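Chains as they are written, first to last, in my numbering: chain A, 935 to 1402; chain B, 99 to 727; chain C, -12 to 119. Every residue, glycine too, gets a C-beta built ideally from N, C-alpha and C. Nothing here was measured: the structure is a model prediction, and the numbers come from that model.
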Amino acid sequence: MNAIILSAIFGVVLMMASAFVSNRSLYKTIALACLVLLVGANIAETLGYSFFTIDTHNMLAFNKMGLFFNTICFTATLLYVFISSSEIERVDNYTAEYFALIFFSLCGIAILTSFNNLLMMFLGIEIMSIPLYILTGSDKRNLKSNEAALKYFLMGSFSTGILLLGIAFIYGATGSFGLESIKVGTLQMQLSILEVTGCILLLIAFAFKVSAAPFHFWTPDVYDGAPSVFTSFMASIIKVAGFYAFVKLFESRIETTSFATNPAVGVNWHLLFAILIIATLFVGNITAVFQQSVKRMLAYSSIAQAGFMLFALFSVNAFSKEGLYLYAAGYCLATIGIFAVLVRMKDYTFEGFNGLAKHEPTLAFATTVCLLSLAGIPLTVGFFAKYFMLAAVVKQGYAWLAIVGVLFAGVSIYYYFRVIAAMYFKSADENPAAVATSSTVKIGLAVVVAGIIILGVWPHALLNFLYF
Amino acid sequence: MYLVPLFPLLGAIISGLFRNQLSKTAAGIIASGAIAASFVVSFLLFFQVKSGGAIAVTPLFTFIKTSAFTIDFAFQVDQLSALFLLIITGIGFLIHLYSTAYMHEEEPHHFARYFSYLNLFVFSMLLLVMGANYVIMFIGWEGVGLCSYLLIGYWFKNTNYTAAAKKAFIMNRIGDMGFLLAVFYILQKVGSANYATVFAFDGFSSTDVTTICILLFVGAMGKSAQLPLYTWLPDAMAGPTPVSALIHAATMVTAGIYMIARSNVLYSASEIAQHLVAIVGLATALFSATIALKQNDIKKVLAYSTVSQLGYMFLGLGVGAYTGAVFHVMTHAFFKALLFLGAGSVIHAMHHEQDIRNMGGLKKHLPITHITFLLGCIAIAGVPPFSGFFSKDEILAAAYAHNPIYWGLGVAGAAMTAFYMFRLYATTFLGSFRGTQQQLSHLHESPISMTLPLMVLALLSVVGGFLNVPEVLHGNAALHHFLSPVLTSESKHSLSHSTEYILMGSSVAIATLALIFAINKFSKNPELGEATGLGKTLANKWYVDEAYDAAIVKPLNSVSLLFKNFVEKGIDGLVNGSGKLVQYSSRQVRLVQNGQVGSYILYMVLSMVILFLLWWNQPILTKFIQKIF
Amino acid sequence: MPIHSLLDATVVNTANNYFPIGVQLLFAAGFVATMLIMSALLGPKRKTSDKLANFESGIEITGNARQPMAIKYFLVAILFVLFDVEVIFFYPYAVNFRELGWAGFGAVAMFVGFFIVGFTYIIKKGALIWED
């Protein structure tokens, strides 16, 4: 509850700041302070100090898992704001409003990690998404940004419609919105056709939100068109939060599904998920190969990474749960890091990265570590994240799916290493970075790199928090 | 307790990261200071252990956690590791001190790099010794291997030196694989790698124990340079001389001894492994002693002598004289560090001349080096009451109790040791100077920071033996009692006092004879020409390197050539083909993304329809998929 | 959290129950269609220029309707909708004023408070300044 209420209040605080504080450089200080408070308040609640006691009639249920996920997201946002605040200031005049929108998004995330009711889930998703539509279009004078915002909004509304339809079907079948009473897709009881339809509609809507193929079409255009700083936020924190909600919604079904015992009844979720996973891995990885712009490549790579995160949905066990947390942390770190470098480049094409290692060794090194982590090379957190996901699938008895995953991870190395090769083995006459790197950014990148490597060597530094 | 390895680690990080900023003095002070600090802590720990006597395991944090086992990052300080800590940090400190002067001609940032490596080396060794389980030991084990690679190849611009570094690394890797397999085996059988748990585990069959012991021993063979993996150690002379001293005396090669002494419980349970260790040790001792007879490089002689002495230690371990082996590690650390540093002092004075045929008569030019070097030679030759006598004698006595043939061969090796050491001494320091005039004019005694460690080590070499005077000589065997809680399974040999006196007397007599013979032979007319016949074979180290080259490297090369020409083409085609396929499909798939919201929504609706159709036809599909997989 | 007033609907949730709704839909659509067709067929037709012109509340038309307008209109319109919704919520509150008591008053005060904060924001940001 701390997180939900405080993030909303902090959003309002920043709005007010924009109205009453004329010194624009103060905004980011306020935002950082608020984020620190937010992280602190969330940790306090994890430790049992809840500042607000509100009877939510069991529509929200707070547990350590969700609160810990909040901590990951908020900390990642803190890091993100720390690194990119100067870039956010450069987008347009409405700096404080951007921060406010980020806070509102965080409020949505806090609801998504604690919903216990489909209505709350819907609210959380909408609260999280609507600020993003605005952020996508925040570069008002840029036609691409406008187009992206409109596309995002249109398709987002479409998926919202599907989500609502799904909720309505489930309500129609069971007469309840509560998660615990409907048990999405449980096969213990005979499912009515309405309920299954509702579940599949929910699945589709969420697949859209986390950009899983074949509902990913908005992703490249939106990520490419949005201002790079906000793409960073959308591609990292928002995405993993969506995954958390997705898994939270569907985890209760797999615990009770035993399709083999009675193949005639219900839904073989494994089949549906496997189709989604393979399609997502295929589209993400294969399309990324041919891209000319690093930013667009990263958009496709985020689809590919979504394919890996879907493994957590496929097999719900301890491995996949730990893997999801690790993936969330590692993916956020790497994405934030690499976009922090990207926003500094003159030219977003692969050629634009030529010779970066010579002119800006710090940036090049940080980019390399982030890309290695995304590719899942050992000694980075990306490796363990992928490892946990694949191990979970293997444990579930679907080794062939893990093999498919590994093959596509192999493809991903190609396009990630293209950037590294451009930075280190090709030369450019002039400095490819457009903006001088401030020491703040360097500190932030150092934190990112340190985080990636520490978690890559010792993943339990993070995972132990799940069990304390 | 964690302070002991922390100081060298910090030292390594500081001098490594700020190598461009630090002056030489600063780097030297930081590095030496770090080791000195950890020496002080080790000293305190040692007395704590000595008074308390309890084995203390301190877990720092959970290192690896799986459902099958948990491995803590834990340190264990007991009698054995406390002793090793003293040796490592004490001698390590002296070598650091010595290095500040020896390496003074280097560029500042290379100088700092050198000290960073050196500190890291000591850190790895401390980790190896202090770990409370085999996994931590393995981390230190690998760290030591890495640092030896870095230091042997310190002058990386010389390709011969980097080749030597590579050789050391590869030979070590072969041994490491054995160690790693042993760790896996233990984990699989016991479910824990903690020493306490493993040694108390009683579910081992005799095959298990033997397999584990032999695998561990393979690791020790690599790290401690035993037959057949010893060839890297003489080549490792490519590194700076203090590094050789460090490798030979305080760190690295003693790791194997430590590991087996640590696992003494396991070895005592496996007679086959013990025999293997003893035989390999003895063979190595003799084999390398013969090679040392004919070497002309001052450092090579010392290197082969180390291999030979390590052979003795393994002999001791193999016959169950664990204390003797550890004792020999300690005394050997004293006099071998002394000899190497002395050799370094000579080389320093001779401007990097290492061939003893071009030396001679250095006695009057380098008085301190001469005296200390002589003391070291006497100690290694095993003349009472110098330290080498006590330790070597303890091993030999245990060997006699085990099998008199071991003893006989051991004494022969000892005689050879005395012979080649005094050949080295006589050729270098006695007689007349044979170098160039220019070298003669520059001959000088080394600075105090180099001679001071020499003097300290000389003192230790002389008196070190009194730590463990055996009962037969009315001593109290202090070390023996100190180590007894850790080395519980030691077999007590039951030799009568008179037998022991005879054994000691004869070995001392033989060694002394060899010594006097060598001095007489080489002080006046050293052998300067090329050796012939058997001597040539020895000078060429029994052609072992050549044999390895012919038996392993050449066939591998030809096989790899075969693979390159035939197999690779097919694989290349496959690999490049799949790459091309990916690129082609990428070009096609990307066209779906056409930028029109309308078509996107159309695709999405179509996908939804397909998903629903799939759901309707699921039983059929599932059967289909089950048929495929 | 079940919403009790709607819960009964679930008990009779079969395709049969939708039949009356279907009939009504058909009937409604048919009625509209019939009326339109009837009036088109039966009604008299006099086509004058006045009749064909666009109807603008009886005022003569001036120019094209599709001309760019100041964004302020939209801004004011959307703000109006927001505050209109706020006012609409007062009606049910007014009806239940006594029953809800102080707790209800607190809730409504909070609700209004949010709007006041928003109102301050838009005033401060100059969203309602007409001239610039």
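Using the beta-carbon of each residue, which ones in chain B are nearer than 9 Å to residue i?
i: V1275 of chain A; result: Result: empty, since nearest Cβ-Cβ is about 23 Å, beyond 9 Å.
Name, in chain order, the residues that DSSP records as bridge partners for residue i.
i: N231 of chain B; result: B:N292
i: L994 of chain A; result: A:F1049
i: G1112 of chain A; result: A:N1051
i: T168 of chain B; result: B:K163
i: D453 of chain B; result: B:D395
i: T1214 of chain A; result: T1214 of chain A is not bridged to any residue.
i: S1227 of chain A; result: A:T1283
i: F173 of chain B; result: B:T156 and B:G229
i: A1367 of chain A; result: A:M1279
Using 10 angstroms around the beta-carbon of residue i, count the other beta-carbons present and answer buried if the total reaches 16, otherwise exposed.
i: A387 of chain B; result: buried
i: L981 of chain A; result: exposed
i: L473 of chain B; result: buried
i: S1091 of chain A; result: exposed
i: N1288 of chain A; result: buried
i: F722 of chain B; result: exposed
i: Y599 of chain B; result: exposed
i: L1396 of chain A; result: buried
i: V1217 of chain A; result: buried
i: S952 of chain A; result: buried
i: W1334 of chain A; result: exposed
i: M22 of chain C; result: exposed
i: I116 of chain C; result: exposed
i: L1183 of chain A; result: buried
i: S587 of chain B; result: Residue placement at S587 of chain B is poorly supported in this model, since its pLDDT is 48, which falls under 50; the coordinates still yield a value, given next. Classification of S587 of chain B: exposed, given that the 10 Å Cβ count is below 16.
i: T1047 of chain A; result: buried
Just reading off the beta strand (DSSP E) that residue i is part of, what are its end residues?
i: V665 of chain B; result: Per DSSP, V665 of chain B belongs to no beta strand (DSSP E) and is neither H nor E.
i: I193 of chain B; result: First-last for I193 of chain B: Q177 to Y200, but that is the alpha helix (DSSP H), not the beta strand (DSSP E).
At which residues does the alpha helix (DSSP H) containing residue i begin and terminate?
i: Q535 of chain B; result: Q535 to H540
i: I312 of chain B; result: S304 to K321
i: K163 of chain B; result: Where K163 of chain B is concerned, there is no enclosing alpha helix (DSSP H), although the beta strand (DSSP E) it sits in stretches over A154 to K163.
i: F1399 of chain A; result: That residue, F1399 of chain A, is in no alpha helix (DSSP H); it is neither H nor E in DSSP.
i: E47 of chain C; result: First-last for E47 of chain C: undefined, no H or E at that position.
i: N936 of chain A; result: N936 to F954
i: T1374 of chain A; result: S1373 to V1391
i: R1352 of chain A; result: A1333 to F1359
i: P502 of chain B; result: P502 to F527
i: L762 of chain B; result: Because chain B here runs from 99 to 727, residue 762 of chain B falls outside it and cannot be looked at.
i: R360 of chain B; result: V351 to R360
In chain A, what lies closer than 9 Å to residue i by C-beta?
i: K163 of chain B; result: H1394, L1397 and N1398
My assumption, with CB atoms under 8 Å, is that residue i sits in contact with residue j. Please give the rounded CB distance.
i: A1044 of chain A; j: A937 of chain A; result: 4 Å
i: V1223 of chain A; j: Y1349 of chain A; result: 5 Å
i: V584 of chain B; j: D176 of chain B; result: 5 Å
i: A435 of chain B; j: A347 of chain B; result: 4 Å
i: F1248 of chain A; j: V1327 of chain A; result: 6 Å
i: A423 of chain B; j: A524 of chain B; result: So it is not a contact: roughly 30 Å between Cβ atoms.
Using the beta-carbon of each residue, which ones in chain A are nearer than 7 Å to residue i?
i: T160 of chain B; result: H1394
i: L711 of chain B; result: Chain A residues near L711 of chain B: none, gap ~11 Å exceeds 7 Å.
i: I600 of chain B; result: By Cβ distance, chain A contributes nothing, its closest Cβ being about 58 Å from I600 of chain B, past 7 Å.
Using the beta-carbon of each residue, which ones in chain B are nearer than 7 Å to residue i?
i: L1088 of chain A; result: V695
Mind listing the chain C neighbours of residue i? Cutoff is C-beta to C-beta under 9 Å, in chain order.
i: M935 of chain A; result: In chain order: nothing, as chain C lies at least about 16 Å away.
i: V946 of chain A; result: F101, V104, G105 and Y108
Please list, in chain order, the chain B residues whose beta carbon lies closer than 8 Å to that of residue i.
i: L1206 of chain A; result: L709, L712 and W713
For a contact defined as C-beta to C-beta under 7 Å, what are the partners of residue i on chain C?
i: M949 of chain A; result: Y108
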